[in-house]
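Residue numbers (my numbering): 68 to 185.
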């Protein structure tokens, strides 16, 4: 499975961005997809995840501002980020959990930089 993320950039505080991540390869057994982020000097942290049935979970600090969604027909996960704050600045990584009857694997995209600054 390969994950290709896009949509990062520089935005002013209060602005919005939408990240996209498309999966390719052996995508049939992809279950959960999600977004993580890593700020300089910090550990990678969960931002949001979504199951293949559309059940979403969020980190507390982004609730009400970020929305995760997915298009299963395109094997693509999105992250709509509104009311961005400087503390949202990080490299954002998409993630996919591949699971069949005997194996579970986790795949990561290459990361896309989000910078929130005036």
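Yeah, the Cβ is synthetic: ideal placement off N, Cα and C, and Gly gets one too. Values in this document were obtained by computation on a predicted structure and should not be read as measured data.
Inside the stretch 128–176 only - beta strand (DSSP E) runs reaching at least 3 residues: 133–138, 143–148, 157–166 and 171–175
Where the beta strand (DSSP E) through residue 76 begins and ends: Counted from its first residue, the chain shown places residue 76 at position 9. Note, residue 76: beta strand (DSSP E), 76–78.
Touching by the beta-carbon criterion (3+ pairs, under 8 Å), the stretch 74–90 and the stretch 108–126: no
Integer Cβ distance of residue 89 from residue 141, believed to fall under 8 Å: On the chain shown, position 22 is the one that residue 89 refers to. On the chain shown, position 74 is the one that residue 141 refers to. About 7 Å; that satisfies the 8 Å criterion.
Close beta carbons around residue 156, own chain, < 8 Å, minus the five adjacent residues each side: Here residue 156 corresponds to residue number 89 of the chain shown, with the count starting at 1. Counting only Cβ-Cβ distances below 8 Å, and skipping sequence neighbours, we find 106, 181, 182, 183 and 184.
8 Å contact criterion, which residue 86 and residue 145 should meet: CB distance rounded: Residue 86 sits at position 19 when you count from the first residue of the chain shown. Residue 145 sits at position 78 when you count from the first residue of the chain shown. At roughly 7 Å, the Cβ-Cβ gap stays under 8 Å, so residue 86 and residue 145 are in contact.
Residue 138 to residue 166 span [Cα, whole Å]: Numbered from its first residue, the chain shown carries residue 138 at position 71. Numbered from its first residue, the chain shown carries residue 166 at position 99. Approximately 18 Å between the Cα atoms of the pair.
Run of the beta strand (DSSP E) containing residue 110, from where it starts to where it stops: The count along the chain shown starts at 1 and reaches residue 110 at position 43. Element bounds for residue 110: n/a, residue is neither H nor E.
Endpoints, beta strand (DSSP E) assigned at residue 85: Against the chain shown, residue 85 aligns to sequence position 18. From DSSP, the beta strand (DSSP E) with residue 85 extends over 84–91.
Per DSSP, cross-strand counterpart(s) of residue 126: Within the chain shown, residue 126 is the residue found at index 59, counting from 1. According to DSSP, which records beta bridges pairwise, residue 126 is partnered with nothing at all.
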